[in-house]
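A.B. asks: So the sequence shown is residues 7 to 120, counted in our numbering. The C-beta atom is built at its ideal place from N, Cα and C for all residues, glycine as well.
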Amino acid sequence: VQLQASGGGLVQAGGSLSLSCEAPGITFIKYTVGWYRQAPGKQRELVATVSRSGTRNYSDSAKGRFTISRDNAKNTMYLQMSSLKPEDTAVYSCNVKWGSVVYWGQGTLVTVSS
Numbered sequence: 007v008q009l010q011a012s013g014g015g016l017v018q019a020g021g022s023l024s025l026s027c028e029a030p031g032i033t034f035i036k037y038t039v040g041w042y043r044q045a046p047g048k049q050r051e052l053v054a055t056v057s058r059s060g061t062r063n064y065s066d067s068a069k070g071r072f073t074i075s076r077d078n079a080k081n082t083m084y085l086q087m088s089s090l091k092p093e094d095t096a097v098y099s100c101n102v103k104w105g106s107v108v109y110w111g112q113g114t115l116v117t118v119s120s
């Protein structure tokens, strides 16, 4: 299963960006879906997840600025990011998880300039 993330790019601080990630070939509705990021020289960290029931979970840095959503009919998850800061610069990766089954996307680079 190859998740396909898109939407990254260069944005000025204070701006907005929307990411999407399609997960073809799976029963998407069964999975918890999420976004993670890895900044240069740092470990990968959770950004946000949304469970199969729709429960959302955000990192402290994402709360109030980012919104995760999912469209089960399209096997797609989204991350709407606003009020972006230079420290949000990272490679953002999507994943889906169901029990011990986990699939990852290839990542999309988000660069926030000051």
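#1: Beta-carbon within less than 7 Å of Thr-95's beta-carbon, same chain only, minus the 5 sequence neighbours each way: which residues are those?
#2: Given that a residue counts as buried once 16 or more other Cβ atoms are within 10 Å of its Cβ, and exposed if not, what is Ala-11?
#3: Determine the contact status of Cys-27 and Leu-16, defining contact as a CB-CB distance below 7 Å.
#4: Run through the DSSP bridge pairs and tell me what Ser-26 is partnered with.
#5: Rounded to whole angstroms, what's the CA-CA distance from Trp-110 to Lys-91? Just pull it up for me.
#6: Can you tell me whether Lys-103 is helix, strand or coil according to DSSP?
C.D. replies: Taking the coordinates as given:
#1: Ala-45, Val-116, Thr-117 and Val-118
#2: buried
#3: no
#4: Ser-12 and Tyr-84
#5: 25 Å
#6: strand
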